[in-house]
Amino acid sequence: MIRTRGFNGQGPVAAFCHGVPGPLLLHCGDHQVLTQIDADRERHEQAAPWWPSLSAPFFLRAHVVTAARHLPAAPVTEPPTRRDDRPPQMATTMTMPACALRPGDYLEAIAARHPDADRSPHEGFARVQWIEVLDPEHAGHLTAYPDWRGQRLLLVRLRSALDILLLEADSPVRVLAYVNPERAAFEGSFDPDGDGPLFDPKVPDSRPFTSDEDQAAHLLRERLRQDVRLPADEAALYPQRCTDPAERRRLLHGVNGVRLVPLSSLPWPHGLFKCAHVPAVERLARSYPRDKHRDSASQAAHAELFTQLSADDFAACPYHQANWPLIGEIARRAVAGSERDWRNALTPAEADRLTAQDKLWLDSFEVDPINWDDGHDAITNGQHRLCALRAAGVLTCPVDGRHVPDDPYPGPVPAHEHARQTVAGFWSRYLTKRLRSRRLADLAGRVLLLWPTGRRLLFGFLIDGDR
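Going by the working numbering, the first residue of the sequence shown is number 22, and it counts up by one from there.
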């Protein structure tokens, strides 16, 4: 395999591939190629080529002939013959002209698979990420293919593709009539860019569709959809892989973006680096069990330390040496209001009260946002800022991540009370599971909360059993 390293300023190269509905315009960087091919597949595809011979000697008008470089093939072990070579039930598709394609459609990018029985229901279909119209005059300069002279051509970028697909605007293509909702949600919103490409399409002679073209495509798509009859068991082709109801709701109905989140709905830090109190939290963490829920134990230890630190202790940390009450208020107002930008939400009087470093902290909510997806056990980024905001008495802050807009958060709880709830909740869950008695667990929990140094001595047999 050869890993793509990037665009080197040369090209493009036109490649015709078996099963692909149009030529691929490749940049001249390295690409991945197979060095071991199933012999039966190779014989089949050579005997039934997907593309006919071109009537012109070259496809690209500004062509350059280069020597082909063949990689030595590795020895091939013939796979066992399948007993049942009947193709599986395939996903239902509908056919449309390429000019009706839009981002979010799942185009049949590879229409051939040998043997057919090895093909999964929606194998070969890829999400359209970007599509534009190539200027007809430029198309005449680009291609030497006689059949495409004067034709409208489309440039299509597919998810995970390191190339651009070139299609005739009127050529028929197939798309999925029903898309697995989990796949569509993940690839369309949760993971908008997929695995590539590693370069942005920059074609000066291409343009987006006009509003008239969009309207005509919409009417055509609606008419074609009326002729599609989905089998009753179409959805059964895609078994649910996300079984937790809350997680599935976030996947299917969630959006990615910034919203205001109460700090009491966010996890506590699971590991603060470059903090003056790291030795203290490490000592405290040793009084917690190291079971499979290590993050929750670490967060409880951080929450407990928060209740023990004084104002002078917080001031010893450089992350706390900012006007966080004002920073938090401006950031809250920027997200909650119509400004969506703290610079527009900032009043002249507030600007005079902020230092240059304070303004950098404000900038961080936009350029380096706190990242957390609803329901996750830990935050991805922003542990130090959250600690400083909590210590400053700030109740809400902007957070970037996956969330369901219609799902409200609980009311905010002051930081010290939230910290005590976190610690008590951890010990209650931990002890109830092991002592099998809620009453005994509550009693033991109160002892452990009041006597941290005695935890290992008193409950060593419980803690050591999880190591």
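We put the CB at the ideal spot given by N, CA and C, even for glycine.
> In chain order, what residues of the same chain have a beta carbon less than 7 Å from the beta carbon of D379, not counting five sequence neighbours either side?
Replying inline: A343, N344, I348
> Any idea which residues DSSP pairs M111 with across the strands?
Replying inline: Answer by DSSP bridge pairing: none, since M111 is not bridged.
> Three or more C-beta pairs closer than 8 Å, one from the region 158–174 and one from the region 237–253: is that the case here?
Replying inline: no
> Three or more beta-carbon pairs under 8 Å between the region 255–274 and the region 287–299, yes or no?
Replying inline: no
>> Could you tell me the alpha carbon to alpha carbon distance between R180 and A205, rounded to whole angstroms?
In response: 12 Å
> From this set, T417, E255, A256, which residue's C-alpha is nearest A355's C-alpha?
Replying inline: T417
>> At the level of alpha carbons, what is the spacing between A112 and G145?
In response: 11 Å
> Where does the unbroken beta strand (DSSP E) through I185 begin, and where does it stop?
Replying inline: 184–189
> From E189 to L155, what does the alpha carbon distance come to, in whole angstroms?
Replying inline: 10 Å
>> Among the candidates L410, T164, P290, whose CA atom is the shortest distance from the CA of E325?
In response: P290
> V7 and D137 look like a contact to me (Cβ under 8 Å); what is the Cβ gap, rounded to whole Å?
Replying inline: Since the displayed the chain opens at 22 and closes at 488, residue 7 lies outside it and no answer follows.
> Using the beta-carbon count (16 or more within 10 Å), is V276 buried or exposed?
Replying inline: exposed
> Which of helix, strand or coil does DSSP assign to S151?
Replying inline: Position check: residue 151 holds Trp in this sequence, whereas Ser was assumed. Looking at W151 - three-state DSSP - the assignment turns out to be strand.
> V279 bridges to which residues according to DSSP?
Replying inline: D421
> How far does the beta strand (DSSP E) with L47 in it reach, from first residue to last?
Replying inline: 45–47
>> Considering only the alpha carbon of each residue, which of S232, S210, Y259, R450 lies closest to Q150?
In response: S210
> Can the beta-carbon of D394 be found closer than 8 Å to that of R423?
Replying inline: yes
> How many whole angstroms separate the CB atoms of P310 and Y430, which I take to be in contact at a CB cut-off of 8 Å?
Replying inline: The pair is not a contact, with the Cβ atoms about 29 Å apart (cut-off 8 Å).
>> Rounded to the nearest angstrom, what separates T401 and V282 at their Cα positions?
In response: 15 Å
> Do P285 and P433 have their C-beta atoms within less than 8 Å of each other?
Replying inline: Per the sequence shown, the amino acid found at residue 285 is Ser instead of Pro. Yes, Cβ-Cβ distance for S285 and P433 is below 8 Å.
> Between the region 36–48 and the region 127–134, do at least 3 Cβ pairs fall closer than 8 Å?
Replying inline: yes
> So, P346 versus A413, is the Cβ gap smaller than 8 Å?
Replying inline: yes
> Is the beta carbon of L381 sitting closer than 8 Å to the one on I351?
Replying inline: no
> Sorted by chain position, which residues of the same chain lie with C-beta nearer than 6 Å to R148's C-beta, five sequence neighbours on each side aside?
Replying inline: Y127, R180, E208
> Looking at the structure shown, is A36 part of a helix, part of a strand, or coil, going by DSSP?
Replying inline: strand
>> Given this structure, state the Cα-to-Cα distance separating D373 from V279, to the nearest angstrom.
In response: 27 Å
> Taking the Cβ atom as the reference point for each residue, do F79 and A160 lie within a distance shorter than 8 Å?
Replying inline: no
> Using DSSP with H/G/I as helix, E/B as strand and the rest coil, what is T453?
Replying inline: helix
> Going by beta carbon distance, what residues of the same chain come within less than 7 Å of R262, once the five residues before and after it are set aside?
Replying inline: E203
>> Using CA atoms only, rank isn't needed, just tell me which of R441, S319, S232, L175 is closest to E153.
In response: L175
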